[in-house]
Amino acid sequence: MGTLRRDPPAPRGARSPSDTGRVRVIDPPDESVARSAGEKLADMDRRFRLFVESVRDYAIFMLDPAGRVATWNAGAERIKGYRAAEIIGQHLSRFYSPEDVELDLPARLLKRAQEEGRVEAEGWHVRADGSRFWGHVVITAVRDEHGNLQGFGNVTQDLTERKQAEEALGALAGRLVHAQDRERQRVATSLSDSTSPSFVALLSKLYQVRKRTDGTTAQLTDDCIALAEFLSREIRTVSYLLHPPALDTEGLLAALRTYLEGFAREKEIRIAIDFPAQLQKLPESVEIALYRVVQEALPSLLQLSGNLRAKATLAVDKEHLSLRIGDEGQGLSPQVLEEVRRGLGELGIATAGLRERMKLLGGTVQIHPTIGGTWVIATLPLNKPGPPRAAPHS
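Put into structure tokens, the structure is as follows:
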């Protein structure tokens, strides 16, 4: 039943909404409406829980603030192999390898999620039977309306098949690069060992003919000698570009110096070279990859920038080797840099290929614009293998 209320008299010259002095009835809130809204919210919450519990393609579960498993869904059981009764109450570290636990990776992920709100990571995870899978994990901090940490939400996806496909593609790319390098070396050796001596013999015969001729015949002989000398130089150049013999006989530093000094003379530019006095012998694939960075990036970089000065530096620390090629001056325009990043144009195509080559060795190639020019930076880890092959499902 409603309550009675008398409106106060309205100020002089004004009218109250219910006419001054009249009694009106105030109805109480409809409890059935509030109850219905609460039931709808509860029903939606129940349906959401059913949805999460029934998802099979993703492991979706909650962790308490200490990182212990609090809930478990069908996807988590399928992907990780634990039944709810076996895993609830266990710490997140149960899903990580002993190596990652020793590195404190689970705790560091939870700490980052707590500080930053969420964290994403990819890596190897351990199933209940001890087998491993490559997983993509998103951990989200869950807080109440006052900002107090209530726990974490964890969503994990099994990406092992994708990882194995990427590893297979990488292995294929590695074999193709290796085959290409071997073929370059074979052709270079063939040109050097057979074609070049043939031209030397040809020139010797032409010189003999020249001594015994005069007039028009002598001029024709001189033309033949000039052409043969030009072709001989071209063959030596092509042979060197395909596979510089200095890489095999003198090492990476000498091969790079020879190339840079020859390039500077040919293009009439200045190249400042800053290399260490000596460098340990590196695997053949590494030396070839670094040589290709200089050989393929430098000409394109200078052609695009139009500069006549360049730098080449090589630095080594305990863990990494860094090779930097840069132009001195205005560098590349923002438009050209964007094309390069998208793999377009001569430099973009060159750096895209170099990135793939370096990736096979666990390294990177980056384009770094500065006020004084643009750098192409190749970085490789020392004494470390390339990307590991994916582990089987078993």
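Numbering (numbering that gives the first Met the number 0), first residue to last: 0 to 393.
Where is the CB? At the ideal position from N, CA and C, for every residue including glycine.
None of the values given here were measured: they were computed from a predicted structure.
Ser195: member of the alpha helix (DSSP H) spanning 195-210, first to last residue. The continuous alpha helix (DSSP H) containing Pro298 extends over residues 283-304. Bridge pairing for Arg308: Arg269 [DSSP]. Checking the DSSP bridge columns, you'll see Ala314 partnered with Ser321. Classified as exposed, Ala178 has fewer than 16 neighbouring CB atoms from the shown chains inside 10 Å of its CB. In the DSSP assignment, the residues bridged to Trp133 are Trp123. Per the coordinates, the alpha-carbon of His124 lies some 5 Å from the alpha-carbon of Phe132. Ranked by Cα distance from Val186, the options Leu230, Ile234, Arg174, Arg142 are led by Ile234.
Around the CB of Gly214, fewer than 16 other CB atoms lie within 10 Å, so the residue is classed as exposed. Counting along the chain, the unbroken beta strand (DSSP E) around Gln365 starts and ends at 363-369. In this model, Arg107 and Gly146 are separated by some 21 Å (Cα to Cα). Along the stretch 148-191, the beta strand (DSSP E) occurs as fully enclosed runs of 3 or more residues at 148-157, listed in sequence order. Here the stretch 85-104 lies against the stretch 113-130, with 3 or more beta-carbon pairs under 8 Å apart.
When rounded, the separation of the alpha-carbon atoms in Val237 and Asp192 is 13 Å.
The way I'd put it, the stretch 365-379 does touch the stretch 289-296; three or more beta-carbon pairs between them come closer than 8 Å. Distance between Arg209 and Ser189, taken at the CA atoms: about 29 Å. When secondary structure is reduced to three states using DSSP, Ala276 falls in the coil class, being assigned neither helix nor strand.
DSSP places Ala377 in the uninterrupted beta strand (DSSP E) bounded by 372-380.
Taking C-beta atoms as the reference points, Glu228 and Leu251 fail to come closer than 9 Å.
Within the same chain, Arg55 come within 7 Å of Arg77 by CB-CB distance, once the 5 residues on both sides are set aside. Residue state for Ala69 is assigned as coil, using DSSP reduced to three classes.
Classified as buried, Arg356 has 16 or more neighbouring CB atoms from the shown chains inside 10 Å of its CB. DSSP places Arg142 within a strand segment (E or B) once states are collapsed to three. The three-state reading of DSSP puts Asp222 in helix, counting H, G and I together. Between Leu301 and Lys358, the CB-CB gap reaches or exceeds 9 Å.
With contacts defined by Cβ atoms closer than 9 Å, Ala140 and Gly116 form a contacting pair. Secondary structure at Leu62: strand, using DSSP grouped into helix, strand and coil.
In the assembly as shown, Thr216 is an exposed residue. Its beta-carbon has fewer than 16 other beta-carbons within 10 Å.
Counting along the chain, Glu327 sits inside no alpha helix (DSSP H), nor does DSSP assign it H or E at all. Assignment of Arg77 by DSSP, reduced to helix, strand and coil, places it in the helix class. Between Gly152 and the set Arg256, Arg161, Leu158, Arg142, the nearest pair of CA atoms involves Arg142. Leaving aside the five residues that flank Gly74 on each side, the residues in its chain whose CB is nearer than 7 Å to its CB run, in chain order, Val54, Arg55, Asp56, Tyr57, Ala58, Ile59. Distance from the CA atom of Gln113 to the CA atom of Leu240, rounded to whole angstroms, is 54 Å. Taking the CA atoms as reference points, Leu62 sits about 17 Å from Gln156. In the three-state DSSP reduction, Arg82 falls in the coil class, being neither helix nor strand.
The criterion of a C-beta distance shorter than 9 Å is satisfied by Ser299 and Ala349.
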